[in-house]
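Each residue of the sequence shown is one higher than the one before, counting from -8 in the numbering used here.
Just so it is clear, CB atoms sit at the ideal spot from N, CA and C, and this is done for glycine as well.
The structure appears right after this line, and notes come after that.
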Amino acid sequence: MAIRKVGVVGCGLMGSGIAQTCAQNGYDTVVLEVNQPLLDKGITRIHGAWVMMAGKGKLTSGQVDENHTRLHGTLAMEDFADCDLVIEVAIENMEAKLKLFPALDHVVKPAGLLVSNTSSLNVTQMGAVTKRPDKVCGLHFFNPAPVMKLVEIVKTISTSDETITTVRQFATSLDKTPVLSKDTAGFIVNFLLIPYLLAAIRMVENGMATCEDIDTAMKLGCGYPMGPFTLLDYVGLDTTMWAAEAIYNEYKDPLYAPPPLLRRMVISGMYGKKSGKGFYHYQ
Ligand code: CAA
């Protein structure tokens, strides 16, 4: 099946990055938000990225114009009716996703594929509340979505091989490198990344070293592009806690139990860069 038109549910940080990636790689892209201010904010972020890319000579002004014509914002899910593939990038909350998937199933044409950008929730369950579980899988992008080369494709016990083949081709057409994972909490990256991030938080809780020194150690000692605390702030402390909880709920392994400091920071609205305060302060 050829993918021509893509729907994206959610125009937050990840949703806008994914919509940007689809539109700039030639797909007609419709992005859905729950209200006009959030939609405007996301679309403005995408336009800003294209202006930045044009400023760096990565896009011509003609390509920026073409990208704009391929990108449409909407508040009506009905606009997904003729999409060949819809990427769900809504809040990481299973209850919300279990409402969203039947609604998408109702609206999107029967041949359309429904994929979730979830980082750790159960994709099988999302497919099970639709009448097309064979056409449901995970497609997990990494932040910043237009830049990071990896996507995880998550195959549930119901996903057909044909769906995986199509989604793999789609990912490659976005200039991404896909890896395949079973539908187990955390998939590949977060199964390894979350214990590392949580261990860094426990080191600070225990007074072993400062955030700054741990970040410097991992950047200069291991060649990581960001230290764990810069990355935690960048990904979002709330997002990290939800991912940790989802994996902990599946395995009950204390490695994935959110440390008390993380919980308290999230309760206090310290989400990281997006809220202006996390392990570091932002203007
Ligand atoms: N669109 C297009 N290009 C963009 C862009 C956008 N929206 N945002 C940034 N870029 C480009 C910049 O223009 C720049 O391009 P040039 O190198 O050609 O100038 C390039 O990306 C790098 O950006 P910066 O120069 O601003 O910054 P940097 O060199 O310090 O790199 C980074 C930033 C890519 C984020 C790097 O620090 C990095 O790789 N960090 C680690 C990120 C990471 O681990 N992400 C995964 C998080 S886990 C996750 O997302 C999954 C989950 O489930 C929690």
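I need the residues with a C-beta less than 5 Å from some heavy atom of ligand 1; please give them in chain order. Ala40, Ser110, Phe133, Asn134, Pro135, Pro137, Val138, Pro216, Met217, Val226
Helix, strand or coil at Gly3 [DSSP, three-state]: coil
One or two residues paired with Ile78 in a DSSP bridge: Note: Ile78 is bridge-paired with Val(-1), Val106 in the DSSP secondary-structure output.
Those residues which DSSP pairs with Lys167 across a bridge: DSSP output for Lys167 lists no bridge partner at all.
Straight-line CA distance for His63 to Lys126? The straight-line gap from Cα to Cα measures roughly 24 Å.
Have a look at Thr207, Asn181, Tyr262 and flag the residue whose alpha-carbon is nearest the alpha-carbon of Asp229. Tyr262
Give the secondary structure of Thr65 by DSSP, where H, G and I count as helix, E and B as strand, and everything else as coil. strand
Classify Val138 as buried or exposed, calling it buried when 16 or more other Cβ atoms lie within 10 Å of its own Cβ. exposed
Ser266, DSSP secondary structure in three states: helix
Terminal residues of the continuous beta strand (DSSP E) containing Ile144? 141 to 146
Cβ of Leu30 less than 9 Å from any chain B Cβ? Chain labels in this structure do not include chain B; a single protein chain is all it has.
Candidates Leu130, Leu223, Val(-3): which alpha carbon is nearest Val257's? Check the Cα spacing between Val257 and each of Leu130, Leu223, Val(-3): the tightest is with Leu223.
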